[in-house]
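Heads up: the structure comes next, in structure tokens.
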Amino acid sequence: MTAGRPPFYFHAVYLINLASDDGKVNPRSESTLAGYLAAADRLGIDGVIFHVGSHRGTGFEAALPGITGRMQRALERADPKRSRLLIENNAGAGDSVGRRFEEIRAMLDALGGDQRVRACFDTCHAFASGYDLRTEETARQTIDEWERVVGVDTLEVVHTNDSLTGLGSNRDRHANIGQGEIGEEGFRALLHDPRLAKVPFILEVPGFEGLGPDAENVAILRRLAA
Ligand SMILES: [Zn+2]
Numbered sequence: 004m005t006a007g008r009p010p011f012y013f014h015a016v017y018l019i020n021l022a023s024d025d026g027k028v029n030p031r032s033e034s035t036l037a038g039y040l041a042a043a044d045r046l047g048i049d050g051v052i053f054h055v056g057s058h059r060g061t062g063f064e065a066a067l068p069g070i071t072g073r074m075q076r077a078l079e080r081a082d083p084k085r086s087r088l089l090i091e092n093n094a095g096a097g098d099s100v101g102r103r104f105e106e107i108r109a110m111l112d113a114l115g116g117d118q119r120v121r122a123c124f125d126t127c128h129a130f131a132s133g134y135d136l137r138t139e140e141t142a143r144q145t146i147d148e149w150e151r152v153v154g155v156d157t158l159e160v161v162h163t164n165d166s167l168t169g170l171g172s173n174r175d176r177h178a179n180i181g182q183g184e185i186g187e188e189g190f191r192a193l194l195h196d197p198r199l200a201k202v203p204f205i206l207e208v209p210g211f212e213g214l215g216p217d218a219e220n221v222a223i224l225r226r227l228a229a
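Under my numbering, read the sequence shown as residues 4 to 229, first letter to last.
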């Protein structure tokens, strides 16, 4: 974060798939990601949040070298001086990569602890992937698990979304804060977790008017953070 202003992030298009074996998708995904990163760096944007994509049945282990190789080359091409690549955890639909915290750890490890790569924790995706966040206790346990597996030092940003669908549903359906299956208690716990005190929380919710993140969702978070 730069002093005097809030952090800014790009969110890369969902078309990116670094995990595919498809020879056409790969180079385009890699160059798209490099393009975002180079632009972010020029504009003073703090990072580029992206979804790794789907391995389409080959399995995570088999896809891992390809994924991290493409990330490495995107970093080389963009050569960012300040912007970071931020791997977002996934809801777990299909063969998507990043549903388990261990997969994020494995990608960070394969990149040799490159400081230009960190992670984004999406509450809806974690919940859909089976990490409970509904109570003070389960929210703390999920952040304990993230701390143990990924490490809070690599947690750059939280995507703050309730989930329309249930725990472990593997569906990526965001809901307004407190209006979904996670509910207010879990968000209150996250907002009070000292490990997340310096981490920006970004809303990606449908909004009460259906127009996206709105003042009402912010007001709910402020009330829960009080
Ligand atoms: Zn997200």
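Think of the CB as a built atom: it goes at the ideal place given N, C-alpha and C, for glycine as much as any other residue.
Assignment of Val-160 by DSSP, reduced to helix, strand and coil, places it in the strand class. Contact residues of ligand 1 (beta-carbon closer than 6 angstroms to any heavy atom; chain order) are Glu-91, Asp-125, His-162, Glu-207.
In the structure shown, the three-state DSSP call for Gly-50 is strand.
For Asp-125, the three-state secondary structure derived from DSSP is strand. DSSP places Arg-174 outside both helix and strand once states are collapsed to three, so it counts as coil. Under a 10 Å Cβ-count criterion, Asp-125 is classified as buried, with 16 or more other Cβ atoms of the shown protein chains found around its own Cβ. By the criterion of a C-beta distance shorter than 8 angstroms, Pro-83 is surrounded in its chain by Leu-40, Ala-41, Ala-43, Asp-44, Arg-119, once the five residues flanking it on both sides are discounted.
Looking only at Leu-194, Ala-200, Leu-199, Gly-215, the smallest Cα-Cα distance to Leu-206 is reached by Gly-215.
Rounded to whole angstroms, Leu-46 and Ala-81 show a C-alpha spacing of 13 angstroms. Judged by their CB atoms, Ile-90 and Ala-142 are not nearer to each other than the 7 angstroms cut-off.
Your pair Ala-66 and His-54 does not check out as a contact, with CB atoms roughly 14 angstroms apart and the cut at 8 angstroms. Runs of the alpha helix (DSSP H) lying entirely within the segment 132-160 and spanning at least 4 residues, in chain order: 139-152. Cβ-Cβ distances below 8 angstroms link Pro-209 to His-177, Ala-178, Asn-179, Gly-215 in the same chain, with the five nearest sequence neighbours on each side left out; the list follows chain order. Bounds of the alpha helix (DSSP H) holding Glu-105 are 104-113.
As for any alpha helix (DSSP H) of minimum length 4 sitting wholly inside the segment 25-84, the runs are 28-46, 63-81, ordered along the chain. Annotation for Glu-91: the continuous beta strand (DSSP E) segment containing it runs 87-91. Exclusion of the five residues before and after Arg-87 leaves Gly-50, Arg-119, Arg-121 as the residues of its chain whose Cβ lies within less than 6 angstroms of its Cβ. If you look at Ile-205, you'll find it in the beta strand (DSSP E) that goes 204-206.
Residue burial is scored here from C-beta neighbours: Phe-211 has fewer than 16 other C-beta atoms within 10 angstroms and is therefore classed as exposed. Phe-13 carries a strand assignment under DSSP once its states are collapsed to helix, strand and coil.
Sequence-distant Cβ neighbours of His-14 in its own chain, meaning closer than 7 angstroms and more than five residues away, are Ile-52. If you draw a straight line from the Cα of Gly-62 to the Cα of Asn-220, it is about 38 angstroms long. Relative to Pro-68, the option among Lys-201, Arg-85, Val-100, Gly-38 whose CA is nearest is Val-100.
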